[in-house]
Structure formats: structure tokens, C-alpha cells
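Numbering (the UniProt record's numbering), first residue to last: 1 to 199.
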């Protein structure tokens, strides 16, 4: 997703031209696509000409833009950690808080669904294997891939990340749902525990 496509979507949603003062102010206030996609109504109403109703319109348009940019049907196939990164970077890479998600896969590695399991603070996401596998079982997943973001932008896994990944893999082996990988994702980079031999 780029600034041009977001600008077009916002202009259409607000029924204004892309060169209008409101659009120009939005893109001077929020410089990158990630900043703009993460904007909330309170931040938007600080811009001249944007009241609560228009802020809600903008947030809705941004949610739609993000959804359209993230494939969610079972035609998406995961062949490598880079595929996971490309699928999830706009979902969690830019966030200023930590979120833990799983990708649920079929026997042929088609994405069945992606689910947010936990929302944490700036330094921790509380994740319980029970919640992870409840979601996986509910959709008949053959395997899962865990992923979460580091708001700092540093994708190096913490000891807690490594321990959680090992615990999930152990639980998955017991119940017959393989944990294929666990990734840490930022806006422009990722770290795969499987790829690095830590799973």
C-alpha cells in the first residue's frame, strides 16, 4: 500500500479532491502510510476542518484500505516466512503496542484465517496456549504460524518469545496441530525463529 492509493481512497470517502486542504493537511501530519493507518478519531479531530463525523469517515476508510490490502481468503498460500511478513506487516508492523496473532493453515498451507489472540502493552503480550489452540481447532487448522510485533522495531526475539514459541510447539505436537514457525514483525523487517534454527 502506498500514500497515493490511500490519498485516493480518503478523497473518495470524504467527497473532496486529492488536492483539497484537508487531504493536504492529513498527509503533512501523518507522513508514512503506517502513521496514517494507525490514526485515531481524537488525533484526526485536531486537524482543522475535521469534526467527529468526518473523523469517523476517515477511520472507516482507513480500515477498508487496510482490509483490502490484506488478503484473507484461502487462495493465499504460505511458502516462506517472507509470505507471512507480506501478509501481516500492514496488520501489526506499524502498531505502537504489542499484538500476538496466529495464521491458521490448511494441509496445503492455504491461509484459512488469521486471528488476533492477545493485545499487550509496549513490552509484553500475554498469550496462553489454550486461547491459541481454541482458535485453531475452531477452524479445523492443520497447522498454525504465530506472529507478533515489537513496537520498538527491533525484531530480535526476547527470551520470553523463544520460550513461548517452544511451549506452543510442544502443545501443538500433543494435540496434532503443527506450529510451523513463530515470527517477530516490524514495518520493514521480520525474524523467523524457524529460519534461524530456534524452533
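Don't be surprised by glycine CBs; every beta carbon is placed ideally from N, CA and C.
Identity of the residues DSSP links to residue i by a beta bridge
i, result
"residue 178", "143"
"residue 118", "100"
"residue 192", "183"
Exposed unless 16 or more other CB atoms sit within 10 angstroms - verdict on residue i
i, result
"residue 24", "exposed"
"residue 94", "buried"
"residue 55", "buried"
"residue 122", "In this prediction, residue 122 scores a pLDDT of 49, lower than 50, which makes its location untrustworthy; the coordinate-derived value is nonetheless stated afterwards. Residue 122 comes out exposed."
"residue 126", "exposed"
"residue 46", "exposed"
When the options are compared against residue i, the one with the closest alpha-carbon
i, options, result
"residue 6", "16, 15, 22 and 37", "37"
"residue 131", "142, 140 and 117", "117"
"residue 204", "165, 98 and 48", "Coverage of the chain is limited to positions 1 through 199, which leaves residue 204 absent and any answer about it impossible."
"residue 173", "197, 10 and 129", "129"
"residue 157", "192, 84, 13 and 60", "192"
Cβ-Cβ distance between residue i and residue j below 8 Å
i, j, result
"residue 155", "residue 189", "yes"
"residue 186", "residue 153", "yes"
"residue 105", "residue 58", "no"
- When the Cβ atoms of the region 74–93 are set against those of the region 7–26, are three or more pairs found closer than 8 Å? no
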